[in-house]
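Asks: My structure is below; once you've seen it, I'll send some questions.
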């Protein structure tokens, strides 16, 4: 099982309904939920709608600060976070940090995009 996360934006292409344009997508194993939780970014990735008052999916700009803080924690103490590596090898620090970096960079590139996920 895994987390799918993507950034999209509605674009008026002249049709009856706006087109949902995907700007970024990523996938990571659920085996990293404990590591994400310990770094303070579980909700930002697995439940981003918890970051909004009305339970809607947030704009990418709303994930920038939490992801920056979590990434800083991960990078400042890799030994601590490696303790939460999956014993199966599916879900390790070395995969999670680049994933968080990609999501964060995409949020910075597309701050008006909507963050959605599937778990």
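In our numbering, the protein residues as written are 8 to 126.
In this text, a Cβ means the ideal position worked out from N, Cα and C, and glycines have one as well.
Treat the numbers as computed from the prediction; the structure is a model and nothing was measured.
On the three-state DSSP scale, how would you describe residue 12?
Replies: The sequence position of residue 12 within the chain shown is 5, counting from 1. In this structure, residue 12 counts as strand in the three-state DSSP scheme.
Asks: For residue 76 and residue 104, I'd like the C-alpha separation in whole angstroms.
Replies: Against the chain shown, residue 76 aligns to sequence position 69. Against the chain shown, residue 104 aligns to sequence position 97. Going by the C-alpha atoms only, they are around 12 Å apart.
Asks: Identify whether residue 71 lies in helix, strand or coil by the three-state DSSP scheme.
Replies: Looking up residue 71 in the chain shown gives position 64. Helix, per DSSP.
Asks: Are the CB atoms of residue 85 and residue 48 nearer to each other than 7 Å?
Replies: The residue labelled residue 85 in the question sits at position 78 within the chain shown. The residue labelled residue 48 in the question sits at position 41 within the chain shown. Going by C-beta atoms, residue 85 is not nearer than 7 Å to residue 48.
Asks: Does residue 66 come out as helix, strand or coil in the three-state DSSP assignment?
Replies: Counting from one through the chain shown, the residue named residue 66 turns up at place 59. Strand at residue 66.
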